[in-house]
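Heads up, the thing below is written out as structure tokens.
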Amino acid sequence: MKILVVFSLILVLLGSVFFLQLETESGIQTYLDRSAPYIGTGIAKIQGIDGEGIKIAVIDTGVDFTHPDLLGWGEDGKVIGGYNFVNEGELPMDTNGHGTQVAGVIAADGQAQGVAPKAKILAYKVSEDGEGVSSELIVRAINKAVEDGADIINISLGVNKTNSKIDRAVDHALEREIFVVTAAGNDGPELKTIGSPGRNVGSVTVGATYNNLTSSLIATLEVDGKSFTTIPMVGSTKVDGPIIERIVFGGYGKIKDLENIDVKNAIVIVERGSDVEGELLYFSIKEKNVANAGAKALIVYNNISGIFLGELIHQFVEPDYKPQIPVVSIDREEGLKIIESITEKNEATMNLFYNPDFVAHFSSRGPVSPFYIKPDIVAPGAYINSTQINAGYNFTSGTSYAAPHVSGAAALLLQKNPELHHHEIKSLLLTTVEPVSDAYGQKFSISESGSGRLDIGNAFNAKLIIEPPNFVAIASSDNKIFEREFQLKSIDGTWNGFDVTFDGPEFIKFEGELTNGNILKIRMSMLEDNFGDHEGIIIINHENTQYRVPFLFHYTPGSISVNQQNQKLFFEIYHPEEWSFTKISVTNSKDGKTDTTTATPDKKTSIEIYENAEYWIDAKIRVNGTTSDAYNTIQISSISETERLDTINIPERQIGIIAVIITLVGIVGLIKRKFYWDKCGPASTISC
Numbered sequence: 094m095k096i097l098v099v100f101s102l103i104l105v106l107l108g109s110v111f112f113l114q115l116e117t118e119s120g121i122q123t124y125l126d127r128s129a130p131y132i133g134t135g136i137a138k139i140q141g142i143d144g145e146g147i148k149i150a151v152i153d154t155g156v157d158f159t160h161p162d163l164l165g166w167g168e169d170g171k172v173i174g175g176y177n178f179v180n181e182g183e184l185p186m187d188t189n190g191h192g193t194q195v196a197g198v199i200a201a202d203g204q205a206q207g208v209a210p211k212a213k214i215l216a217y218k219v220s221e222d223g224e225g226v227s228s229e230l231i232v233r234a235i236n237k238a239v240e241d242g243a244d245i246i247n248i249s250l251g252v253n254k255t256n257s258k259i260d261r262a263v264d265h266a267l268e269r270e271i272f273v274v275t276a277a278g279n280d281g282p283e284l285k286t287i288g289s290p291g292r293n294v295g296s297v298t299v300g301a302t303y304n305n306l307t308s309s310l311i312a313t314l315e316v317d318g319k320s321f322t323t324i325p326m327v328g329s330t331k332v333d334g335p336i337i338e339r340i341v342f343g344g345y346g347k348i349k350d351l352e353n354i355d356v357k358n359a360i361v362i363v364e365r366g367s368d369v370e371g372e373l374l375y376f377s378i379k380e381k382n383v384a385n386a387g388a389k390a391l392i393v394y395n396n397i398s399g400i401f402l403g404e405l406i407h408q409f410v411e412p413d414y415k416p417q418i419p420v421v422s423i424d425r426e427e428g429l430k431i432i433e434s435i436t437e438k439n440e441a442t443m444n445l446f447y448n449p450d451f452v453a454h455f456s457s458r459g460p461v462s463p464f465y466i467k468p469d470i471v472a473p474g475a476y477i478n479s480t481q482i483n484a485g486y487n488f489t490s491g492t493s494y495a496a497p498h499v500s501g502a503a504a505l506l507l508q509k510n511p512e513l514h515h516h517e518i519k520s521l522l523l524t525t526v527e528p529v530s531d532a533y534g535q536k537f538s539i540s541e542s543g544s545g546r547l548d549i550g551n552a553f554n555a556k557l558i559i560e561p562p563n564f565v566a567i568a569s570s571d572n573k574i575f576e577r578e579f580q581l582k583s584i585d586g587t588w589n590g591f592d593v594t595f596d597g598p599e600f601i602k603f604e605g606e607l608t609n610g611n612i613l614k615i616r617m618s619m620l621e622d623n624f625g626d627h628e629g630i631i632i633i634n635h636e637n638t639q640y641r642v643p644f645l646f647h648y649t650p651g652s653i654s655v656n657q658q659n660q661k662l663f664f665e666i667y668h669p670e671e672w673s674f675t676k677i678s679v680t681n682s683k684d685g686k687t688d689t690t691t692a693t694p695d696k697k698t699s700i701e702i703y704e705n706a707e708y709w710i711d712a713k714i715r716v717n718g719t720t721s722d723a724y725n726t727i728q729i730s731s732i733s734e735t736e737r738l739d740t741i742n743i744p745e746r747q748i749g750i751i752a753v754i755i756t757l758v759g760i761v762g763l764i765k766r767k768f769y770w771d772k773c774g775p776a777s778t779i780s781c
């Protein structure tokens with residue numbers, strides 16, 4: 094029997110964190126779509142660039158091509174092709190909604206307008222209901238998209254761990270010059286929560302920010318150090334600083350619920366609705382009661398599963414009513430968790446502020462490796478109004494909907510400059526971002542926001558391609574200098590007004606110069622032993638456009654040097670203190686394969702390599718009972734094809750011998766298992 098490794102579809106992991114409608118006591122309201130204009134699609138539109146001629150593969154739950162904004166199947170329709178891997182022989186019609194929402198963000202062309210409305214969609218259905226999808230189907234869909242001539246592949250699905258088969262399929266697409274966009278995931282705000290294919294080094298991995306809506310009043314809530322997802326109610330106001338108080342449970346927020354408890358200066362949490370059937374206990378009434386009792390803020394948790402966006406100001410509100418304190422809503426399950434955790438000494442911190450570029454609480458974070466940066470970029474992924482199955486529209490949130498903003502942006506760039514390579518599109522998108530920081534001016538880390546928030550307008554007008562668009566620097570106490578060259582390409586051949594500046598820690602000295610017209614050489618030197626990881630940005634100004642190249646700088650007390658001799662890598666360990674043991678991991682950047690070895694002060698070690706590639710070396714040095722990191726990289730290009738095959742053939746012969754032995758052992762094992770089952774079957778009392 095064939096065993097498939099089954100993963101949760103992004104609808105669970107990366108897709109709809111929640112389906113959201115603005116719920117008021119008087120009905121449902123909607124907002125016009127704002128995310129596409131907010132990220133600068135108007136610049137492209139003015140120049141007549143709309144995605145025409147670009148084919149974008151959507152690997153998802155299919156696409157509803159009967160939707161008026163995504164109308165038509167086949168050559169003359171919006172969805173020009175694809176494949177149904179779930180029910181082969183049938184068209185890839187979406188019955189779930191997730192794939193239709195993703196496709197709408199990219200290329201809806203009707204009442205809703207996607208980022209690239211004239212682009213065409215290739216729909217690959219790998220799940221029926223969004224509950225699960227096999228890695229085999231994802232791989233087959235990627236390969237089919239390559240075969241069908243896709244220009245861009247959007248993958249708004251994934252897992253929160255590494256899957257080498259999916260990553261190899263993504264690498265295959267990249268080798269065929271296809272631009273691949275992946276969603277980061279919805280397992281934030283914890284770090285190290287990005288899985289495959291989002292962790293693939295070559296794909297563009299997208300996290301989620303909020304959106305340019307009234308609802309981009311952002312709320313953050315921490316209770317005893319644990320973060321919870323909250324949504325400010327419409328009509329609530331921002332605060333000048335954090336509210337740090339105890340939490341008190343206030344029933345339904347009625348006056349009688351609050352009479353015998355002390356809520357003065359507290360953050361009160363209450364249940365939505367009422368315990369009296371038919372009673373309309375408006376959010377405004379709850380807010381007024383709690384505020385009059387002296388509380389500083391109000392949390393309303395849902396009385397059914399899920400989260401909601403409530404409204405304080407509505408047609409039935411009292412004429413002189415004005416909200417006095419901030420009010421947020423929260424999922425029922427999380428609300429109950431907060432109530433269960435309440436103690437006399439509990440402490441909660443609530444912030445409310447306007448910021449469309451705030452990184453969403455749910456957005457998965459990096460890092461995924463010490464040697465490259467993930468996520469690459471962030472884009473609007475909260476309160477996205479997109480197409481839904483059965484000719485509908487709805488608000489939804491998740492990194493699934495941030496990723497297609499980037500796919501649409503890539504389509505616009507590719508239409509404008511058809512000769513661009515996928516890595517050049519990546520550079521244009523990543524280096525022209527808008528900085529991302531919270532309402533108090535604190536920048537989000539690279540592991541949270543990558544390079545920054547997508548800005549199509551900046552990318553569309555950019556004339557300079559910078560490679561790499563971000564990087565990791567490595568230095569140590571015995572080598573405090575890091576040097577690197579960047580390849581620059583002027584799209585129109587101009588180099589006027591070029592200058593380089595540095596925005597980073599004061600203890601890092603920066604030098605940079607442009608040589609030979611298109612090579613930027615940089616040199617960074619550590620001025621003090623401030624060991625750890627440090628972030629910064631190299632800023633390049635050219636032709637009135639600012640380009641941002643973020644970096645992560647590893648500065649470690651110890652180091653690992655590496656040199657190549659034929660098909661082996663040899664290592665030397667240094668540490669200013671006496672060390673006793675080192676574990677060394679060597680990763681092939683091409684396929685992610687990792688080999689490990691160990692070293693001691695009196696034992697040198699080596700690892701065999703089989704192909705030309707960049708290798709990442711990660712050393713864990715044991716010093717006085719603690720572990721100290723050290724990193725290095727080496728580019729190998731001298732292994733000939735003959736040497737590579739000779740090196741590979743030896744382990745292959747060994748594998749063949751082992752396989753024969755395993756087969757023989759397996760046969761014997763089956764015979765023995767049959768014997769034991771006959772003798773010691775389920776009804777037997779014999780001890781076996």
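When you line the sequence shown up against this note's numbering, it's residues 94 to 781, in that order. All C-beta atoms in this analysis are idealised placements derived from N, C-alpha and C, irrespective of residue type, glycine included. Source: prediction; values computed, not measured.
Do residue j and residue i come within 8 Å of each other at the CB atom, strictly closer than that value?
{"i": "Ile214", "j": "Ala196", "result": "yes"}
{"i": "Glu427", "j": "Thr255", "result": "no"}
{"i": "Thr480", "j": "Thr159", "result": "no"}
{"i": "Val198", "j": "His454", "result": "no"}
{"i": "Val471", "j": "Ala495", "result": "yes"}
{"i": "Val263", "j": "Gly501", "result": "no"}
{"i": "Ile340", "j": "Ala359", "result": "yes"}
{"i": "Pro598", "j": "His627", "result": "yes"}
{"i": "Phe178", "j": "Val219", "result": "yes"}
{"i": "Ile727", "j": "Gln657", "result": "yes"}
{"i": "Lys138", "j": "Tyr176", "result": "no"}
{"i": "Pro468", "j": "Ala277", "result": "yes"}
{"i": "Val565", "j": "Pro694", "result": "no"}
{"i": "Ile392", "j": "Ile418", "result": "no"}
{"i": "Val655", "j": "Phe646", "result": "no"}
{"i": "Ile362", "j": "Ile431", "result": "yes"}
{"i": "Phe401", "j": "Tyr375", "result": "no"}
{"i": "Met186", "j": "Asp157", "result": "yes"}
{"i": "Val383", "j": "Gly344", "result": "no"}
{"i": "Trp672", "j": "Val716", "result": "yes"}
What does the Cβ neighbour count give for residue i, buried or exposed, with the cut at 16 atoms within 10 Å?
{"i": "Thr594", "result": "exposed"}
{"i": "Leu250", "result": "buried"}
{"i": "Leu507", "result": "buried"}
{"i": "Asp450", "result": "buried"}
{"i": "Ile337", "result": "exposed"}
{"i": "Gly586", "result": "exposed"}
{"i": "Arg546", "result": "buried"}
{"i": "Thr608", "result": "exposed"}
{"i": "Thr286", "result": "buried"}
{"i": "Asp202", "result": "buried"}
Going by DSSP, which residues form a beta bridge with residue i?
{"i": "Pro643", "result": "Ile630"}
{"i": "Arg616", "result": "Glu576, Glu604"}
{"i": "Phe663", "result": "Asn656, Ser699"}
{"i": "Gln140", "result": "In the DSSP output, where bridge partners are listed per residue, Gln140 has none listed."}
{"i": "Met443", "result": "Leu314, Ile336"}
{"i": "Arg715", "result": "Phe674, Thr720"}
{"i": "Gly135", "result": "Gly135 pairs with nothing; no bridge assigned."}
{"i": "Gly403", "result": "Answer by DSSP bridge pairing: none, since Gly403 is not bridged."}
{"i": "Leu391", "result": "Val361, Val420"}
{"i": "Ile432", "result": "DSSP lists no partner for Ile432."}
{"i": "Glu560", "result": "Gln580"}
{"i": "Gly251", "result": "Answer by DSSP bridge pairing: none, since Gly251 is not bridged."}
Counting only beta-carbon separations shorter than 8 Å, does residue i have a partner in chain B?
{"i": "Thr322", "result": "Here there is only one protein chain, and chain B is not present."}
Examine the ligand SAH and report whether any of its heavy atoms sits within less than 7 Å of the Cβ of residue i.
{"i": "Gly146", "result": "No copy of the ligand SAH appears in this structure; indeed no ligand is present at all."}
Exercise. Counting pairs of Cβ atoms below 8 Å between the segment 470-481 and the segment 348-360, do you hit three or more?
Worked result: no
For this session: List in chain order: all unbroken alpha helix (DSSP H) runs of 4+ residues lying wholly within the segment 158-231.
Result: 191-200
Exercise. Quick one: complete beta strand (DSSP E) runs, 3+ long, within the segment 340-387?
Worked result: 340-342, 360-364
Problem set entry | Inter-stretch contact at 8 Å, needing at least 3 Cβ pairs: the segment 519-532 / the segment 601-612 | no
Exercise. Counting Cβ pairs closer than 8 Å, one from the segment 556-574 and one from the segment 715-730, do we hit at least three?
Worked result: yes
Problem set entry | Meets three-Cβ-pair contact criterion under 8 Å: the segment 674-689 and the segment 626-640 | no
Exercise. Okay, do the segment 507-520 and the segment 150-164 touch, 3+ Cβ pairs below 8 Å being the bar?
Worked result: no
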